[in-house]
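Chains as they are written, first to last, in my numbering: chain S, 45 to 324; chain G, 113 to 360.
Structure, as structure tokens:
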Amino acid sequence: MEKMSTQINIKTFLTSETIFAIISAMVWVRKIGEITLSSLQGMGRMGLFFVQTLFCTFTPPLKFSWIIKQVWFIGYQSTLVIFLTGAFSGMVLGLQGFYTLNRFGSTALLGPMVALSLIKELGPVLAALMVTGRAGSAITAEIGIMRTSEQIDAMELMGLNPFRYLIVPKLFAGIIALPLLTAIFDMVGIFGGYFVGGRLLGVGEGTYFGEMANYVGIEDVLEGIYKSLSFGAIISWVCSYKGYYAGFGAEGVSKATTQAVVLSSVLVLFWDYIMTSLLF
Amino acid sequence: MIRLENIYKSFDGFEVLKGISFQMKKGEILALIGGSGNGKSVILKHIVGLLKPDQGHVFIDGKDIGHLKGNDLEAIRSRIGFLFQNGALFTSFTVYDNVAFPLREKTKWSEKEIRERVLKELDQVGLSGAENKYPAELSGGMIKRTAFARALVTKPEVMLFDEPTTGLDPIIAHTILDLIKSLHEHLGFTAIIVSHELSRVFQIAHRVAMLHEGKIWTIGTPEEILSSNDPVIRQFISGATGGAFKLY
Numbered sequence: 045m046e047k048m049s050t051q052i053n054i055k056t057f058l059t060s061e062t063i064f065a066i067i068s069a070m071v072w073v074r075k076i077g078e079i080t081l082s083s084l085q086g087m088g089r090m091g092l093f094f095v096q097t098l099f100c101t102f103t104p105p106l107k108f109s110w111i112i113k114q115v116w117f118i119g120y121q122s123t124l125v126i127f128l129t130g131a132f133s134g135m136v137l138g139l140q141g142f143y144t145l146n147r148f149g150s151t152a153l154l155g156p157m158v159a160l161s162l163i164k165e166l167g168p169v170l171a172a173l174m175v176t177g178r179a180g181s182a183i184t185a186e187i188g189i190m191r192t193s194e195q196i197d198a199m200e201l202m203g204l205n206p207f208r209y210l211i212v213p214k215l216f217a218g219i220i221a222l223p224l225l226t227a228i229f230d231m232v233g234i235f236g237g238y239f240v241g242g243r244l245l246g247v248g249e250g251t252y253f254g255e256m257a258n259y260v261g262i263e264d265v266l267e268g269i270y271k272s273l274s275f276g277a278i279i280s281w282v283c284s285y286k287g288y289y290a291g292f293g294a295e296g297v298s299k300a301t302t303q304a305v306v307l308s309s310v311l312v313l314f315w316d317y318i319m320t321s322l323l324f
Numbered sequence: 113m114i115r116l117e118n119i120y121k122s123f124d125g126f127e128v129l130k131g132i133s134f135q136m137k138k139g140e141i142l143a144l145i146g147g148s149g150n151g152k153s154v155i156l157k158h159i160v161g162l163l164k165p166d167q168g169h170v171f172i173d174g175k176d177i178g179h180l181k182g183n184d185l186e187a188i189r190s191r192i193g194f195l196f197q198n199g200a201l202f203t204s205f206t207v208y209d210n211v212a213f214p215l216r217e218k219t220k221w222s223e224k225e226i227r228e229r230v231l232k233e234l235d236q237v238g239l240s241g242a243e244n245k246y247p248a249e250l251s252g253g254m255i256k257r258t259a260f261a262r263a264l265v266t267k268p269e270v271m272l273f274d275e276p277t278t279g280l281d282p283i284i285a286h287t288i289l290d291l292i293k294s295l296h297e298h299l300g301f302t303a304i305i306v307s308h309e310l311s312r313v314f315q316i317a318h319r320v321a322m323l324h325e326g327k328i329w330t331i332g333t334p335e336e337i338l339s340s341n342d343p344v345i346r347q348f349i350s351g352a353t354g355g356a357f358k359l360y
């Protein structure tokens with residue numbers, strides 16, 4: 045009797061809707077498993093790519109002419125866009141800062157506010173995001189096209205390590221160029237803030253720069269430099285990696301380029317948070 | 113000199129090579145023929161270690177290239193020249209720099225010695241005067257010839273030609289195959305030519321291997337292949353549609 049009631053209960057339980065729900069759940073579990081595995085595989089491959097790059101960085105020979113060419117491309121050619129972004133960011137900070145500080149009667153602190161915002165945070169982050177958009181995407185596209193047109197294979201077959209010629213110079217260039225570009229961004233931004241706050245809204249030149257000298261310390265400048273150094277490495281690493289493993293044809297390269305820009309931008313912001321937490 | 117033993121290779125579950133085995137003697141020219149997508153280029157990439165077999169071995173002078181790494185792999189590769197289907201020229205370099213690149217990076221020659229060798233190679237492939245052009249300014253035939261000069265500049269013992277005549281007009285295609293023949297006579301390299309230019313390739317190859325359904329369908333002298341009664345071989349050579357030959 046008890047056995048019969050169990051059988052009836054199982055039959056009642058196993059309706060077509062229940063079976064469908066169980067199968068759907070299993071499909072979802074499988075999908076989640078697949079996504080997790082492929083993400084872990086991707087992260088592992090990215091990590092190995094970085095390790096291989098570092099290995100080639102610390103073992104001779106270094107290709108100096110290739111590094112200089114990349115510094116010119118990533119650094120020098122990004123100067124104009126950094127100049128414009130820095131100028132407008134500083135001007136907006138000057139404007140917003142002036143009206144906010146005016147409510148508390150402390151417009152004298154406009155200089156330190158603009159400088160600290162730029163040096164510690166906005167300079168490194170915005171410069172990194174602009175370089176990602178301008179140079180990072182080009183790095184991915186260049187390496188991706190070299191991969192799909194078998195230029196990287198040709199290099200390997202000549203007995204040459206493509207990491208030495210293509211990836212290491214870009215890593216060096218990112219690390220050298222980003223702090224310099226950030227410095228330009230900060231400088232132009234500070235003068236942009238002064239132009240709006242000082243020249244247009246009446247904060248005195250002495251007050252603006254004098255208070256800045258009082259409140260901005262070397263540790264603030266170092267924080268910005270550390271951040272921009274690491275952002276330079278992140279951009280070169282992620283964008284080179286995405287290009288190196290780009291899929292087939294124009295679609296593969298365009299997909300890799302989009303992924304590179306999105307991933308390096310997100311990683312820059314994520315790493316900024318981590319560094320800010322650690323450096324404070 | 114080159115020995116392939118029972119090579120199997122799949123891509124995304126699709127089995128392209130199903131037990132490829134053949135061997136070649138030093139100085140021999142082997143023509144590798146077969147339908148498009150049959151895995152001819154895949155075989156060449158296994159020989160230079162760009163692809164690793166799922167199963168089987170590739171031996172070059174007795175060394176299993178699938179198990180070589182670092183300097184050992186570089187040493188074997190430096191003895192092999194590879195002509196890619198699309199040339200694979202470095203687009204940011206001029207013709208001269210493309211050909212000079214392996215010498216600059218792999219030898220300690222002076223720039224004068226490199227210049228002499230590069231100009232000689234360019235002259236050999238009929239590209240004198242094109243040194244300062246970029247790949248974007250070259251015709252298909254010129255790209256192939258530049259790539260040929262780059263592959264030859266280090267005087268390799270083995271040359272692998274991946275469809276050296278594809279996309280070229282018949283005259284340039286024949287010129288390139290004649291060039292391969294004359295340079296082979298002069299330099300004596302061992303060569304594999306993947307080509308669909310059957311009539312010409314049959315004249316310069318010592319043996320012909322036909323790839324079909326992932327296997328070496330047949331291998332023999334050009335005369336043996338041409339006199340074969342196998343319907344697959346007959347159809348492939350004649351180019352007739354709708355027969356035993358399976359398309360991919």
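Note that CB positions come from ideal geometry on N, CA and C, so glycine has one too.
Being a predicted model, the structure only gives us computed values, none of them experimental.
Practice problem: Can you give me the Cβ contacts of Ile-196 (chain S) inside the same chain, cut-off strictly under 6 angstroms, excluding the 5 residues immediately before and after it? | Solution: Met-190 and Pro-206
Quiz item: Can you list, in chain order, the residues of its chain whose CB lies under 6 angstroms from that of Arg-262 (chain G), leaving out five sequence neighbours each side?
Solution: Asn-210 and Val-211
Quiz item: Which whole-angstrom value describes the C-beta separation of Gly-161 (chain G) and Gly-149 (chain G), a residue pair presumed to lie in contact below a C-beta threshold of 8 angstroms?
Solution: Their Cβ separation, rounded to whole angstroms, is 22 angstroms, which puts Gly-161 (chain G) and Gly-149 (chain G) out of contact at 8 angstroms.
Quiz prompt | Cβ neighbour criterion (16 or more within 10 Å) applied to Leu-81 (chain S) | solution = exposed
Quiz item: Would you say Lys-218 (chain G) reaches chain S, if we count a Cβ-Cβ gap shorter than 8 angstroms as a contact?
Solution: yes
Self-check item: Beta-carbon proximity list for Thr-101 (chain S), same chain, < 6 angstroms, skipping 5 on both sides
Solution: Val-212
Self-check item: Sub-8 angstroms separation of Gly-287 (chain S) and Thr-123 (chain S) beta-carbons
Solution: no
Practice problem: Could you please tell me which residues of the region 219–241 of chain G, in chain order, have their CB closer than 8 angstroms to any CB of chain S? | Solution: none
Quiz prompt | Cβ neighbours of Gln-96 (chain S) in the same chain (closer than 7 angstroms, five flanking residues each side left out) | solution = Phe-207
Exercise. Please check the pair Gly-138 (chain S) and Gly-241 (chain S), which I expect to be a contact at CB under 8 angstroms, by giving their CB distance rounded to whole angstroms.
Key: 4 angstroms
Quiz prompt | DSSP-derived helix/strand/coil call for Leu-129 (chain G) | solution = strand
Quiz item: At a CB-CB cut-off below 7 angstroms, which residues of chain S make contact with Glu-186 (chain G)?
Solution: Gly-203
Self-check item: Spatially closest choice to Thr-144 (chain S) from S:Val-158, S:Ser-133, S:Ala-131 and S:Phe-132, by CA coordinates
Solution: S:Val-158
Quiz prompt | Segment limits, beta strand (DSSP E) that includes His-169 (chain G) | solution = 167–172
Practice problem: Figure out for me which residue from G:Phe-273, G:Gly-241 and G:Thr-302 has the closest Cα to the Cα of Phe-361 (chain G). | Solution: Residue 361 (chain G) lies beyond the residue range present for chain G, which begins at 113 and ends at 360; the question has no answer from this structure.
Quiz item: Could you give the C-beta distance for Phe-314 (chain G) and Met-271 (chain G), rounded to a whole number, given that I count them as a contact under 8 angstroms?
Solution: Not quite, the Cβ-Cβ distance comes to about 18 angstroms (not below 8 angstroms), so this is no contact.
Quiz item: Can you tell me the Cα-Cα spacing of Gly-180 (chain S) and Gly-276 (chain S), whole angstroms?
Solution: 10 angstroms
Quiz prompt | Cutoff 6 angstroms; reference Met-90 (chain S); Cβ partners in own chain excluding five residues on either side | solution = Tyr-285
Quiz item: Which parts of the region 133–200 of chain S are runs of the alpha helix (DSSP H), unbroken and 4 residues or longer, counting only runs that do not cross its ends?
Solution: 154–160, 167–175 and 181–192
Exercise. Taking only beta carbons into account, state which residues of the region 192–203 of chain G come closer than 9 angstroms to chain S, listed in chain order.
Key: Ile-192, Gly-193, Phe-194, Phe-196, Gln-197, Asn-198, Gly-199, Ala-200, Leu-201, Phe-202 and Thr-203
Self-check item: Helix, strand or coil at Gln-85 (chain S) according to DSSP, with G and I counted as helix
Solution: helix
Practice problem: Kindly indicate which three-state DSSP category Thr-320 (chain S) falls into: helix, strand or coil? | Solution: helix
Quiz item: Is there at least one Cβ from chain S nearer than 8 angstroms to Ser-148 (chain G)'s Cβ?
Solution: no
Quiz item: Among G:Lys-327, G:Leu-264 and G:Thr-278, which residue has its Cα nearest to the Cα of His-298 (chain G)?
Solution: G:Leu-264
Practice problem: Compute the Euclidean distance between the alpha carbons of Lys-214 (chain S) and Val-115 (chain S), then round it to the nearest angstrom. | Solution: 8 angstroms
Self-check item: Bridge-paired residues (DSSP) for Glu-228 (chain G)
Solution: In DSSP, Glu-228 (chain G) forms no bridge with anything.
Practice problem: Confirm, please, whether the CB-CB distance from Gly-119 (chain S) to Ala-217 (chain S) is below 8 angstroms. | Solution: yes
Exercise. Give the secondary structure of Gln-197 (chain G) by DSSP, where H, G and I count as helix, E and B as strand, and everything else as coil.
Key: coil
Quiz item: Along chain S, in chain order, which residues have C-beta atoms closer than 7 angstroms to that of Leu-156 (chain G)?
Solution: Neighbours of Leu-156 (chain G) on chain S: none; closest Cβ ~11 angstroms, over 7 angstroms.
Practice problem: Please name the residue in G:Lys-267, G:Ile-159, G:Leu-215 and G:Ala-352 whose C-alpha comes closest to that of Met-113 (chain G). | Solution: G:Ile-159
Quiz item: Would you say Val-306 (chain G) reaches chain S, if we count a Cβ-Cβ gap shorter than 8 angstroms as a contact?
Solution: no
Self-check item: The beta strand (DSSP E) enclosing Tyr-120 (chain S), as first and last residue numbers
Solution: Premise fails: Tyr-120 (chain S) is in no beta strand (DSSP E) and is neither H nor E.
Quiz item: Nearest to Met-231 (chain S) by alpha carbon, out of S:Leu-210, S:Ser-60 and S:Val-265?
Solution: S:Val-265
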